[in-house]
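Take a look at the structure set out below.
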Amino acid sequence: MIRPAVAADVPALLAIWNPIIRDTLVTFNAEEKSADELRTLIAARPAFLVADPGEGPVGFASYAQFRGGVGYRHTMEHTIILGPAARGRGLGRALMTAIEDHARAGGTHSLFAGVSAGNPEGRAFHAAMGFAETAVLPQVGYKFGRWLDLVLMQKFLS
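For the working numbering, count along the sequence shown from 1 and bump the result up by 50.
Here it is, written out as structure tokens:
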């Protein structure tokens, strides 16, 4: 089931997200999230949805404006994070569909994903969801002692 995140989800979401931050190149962020930071993020985003197949959250997706300023008000960037228990169950597709529907209903025209070039699964997932690779930004991230490329992927919702 896809539903809005609630405060009680924070510990489970941190247990999913922080190992990905700490141990992988899926995100270039190297600082783990605190409970307060995550609660603030949940409150600030137009939508912060979780995949909960009945045993608690196993993944989440959210979005926010791509860049500041009124000229970007119809362009959003999303985040989707799936824990190991969510993979291969259709929950990523369900989360993305729900985020796209929410963003579209709010007037979003263009939805971006910033995907690590070293994340072939993320790139394939977004391509399967109809996102096109629009740019590669070389060496914009730095983690684990090396420079990392970011692939921008875009989908038009209207």
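Note that the Cβ used here is the ideal one computed from N, Cα and C, for glycine as well.
Count the CB pairs spanning the stretch 134 to 152 and the stretch 185 to 199 that are closer than 8 Å, and state whether there are at least three. no
Sequence-distant residues of its chain with Cβ nearer than 7 Å to T72 (five each side left out): Here the question's residue 72 lines up with position 22 in the sequence shown. The residue you asked about is not Thr; residue 72 is Arg in the sequence shown. For R72, where only same-chain residues beyond five positions count, the Cβ hits under 7 Å are E82.
To the nearest angstrom, how far is it from the Cα of L145 to the Cα of L161? Position 95 of the sequence shown holds residue 145. Position 111 of the sequence shown holds residue 161. Roughly 14 Å separates the two Cα atoms.
Can you name the start and end residues of the alpha helix (DSSP H) that L63 belongs to? Counting from one through the sequence shown, the residue named residue 63 turns up at place 13. Counting along the chain, the alpha helix (DSSP H) containing L63 begins and ends at V60 to D73.
Determine the contact status of R95 and A111, defining contact as a CB-CB distance below 7 Å. Working through the sequence shown from its first residue, we reach residue 95 at position 45. Working through the sequence shown from its first residue, we reach residue 111 at position 61. Contact flag unset, no.
Tell me whether M126 is buried or exposed, calling it buried when 16 or more other Cβ atoms sit within 10 Å of its Cβ. As a working note, residue 126 is residue 76 in the sequence shown. Buried, since its Cβ has 16 or more Cβ neighbours within 10 Å.
In angstroms with no decimal places, state the Cα-to-Cα distance between G133 and P107. Numbered from its first residue, the sequence shown carries residue 133 at position 83. Numbered from its first residue, the sequence shown carries residue 107 at position 57. Answer to the nearest angstrom: the Cα atoms are 9 Å apart.
Where does G195 fall in DSSP's three states? For the purposes of this step, residue 195 is taken as residue 145 along the sequence shown, with counting starting at 1. In the structure shown, G195 sits in coil (DSSP, three-state: anything other than H, G, I, E or B).
Cα-Cα separation, F194 to L64: To locate residue 194, count along the sequence shown from 1; it is residue 144. To locate residue 64, count along the sequence shown from 1; it is residue 14. Rounded to whole angstroms, F194 to L64 spans 21 Å at the Cα level.
For A93, is the classification buried or exposed, using 16 other Cβ atoms within 10 angstroms of its Cβ as the cut-off for buried? By one-based count along the sequence shown, residue 93 stands at place 43. Answer is exposed; the Cβ neighbour count stays below 16.
Ignoring anything shorter than 3 residues, give me the beta strand (DSSP E) runs that lie fully in the stretch 117 to 179, in order along the chain. 125 to 132 and 160 to 166
What residue does the alpha helix (DSSP H) around R89 start on, and which one ends it? In the sequence shown, counting from the first residue as 1, residue 89 sits at position 39. Element bounds for R89: A85 to A94.
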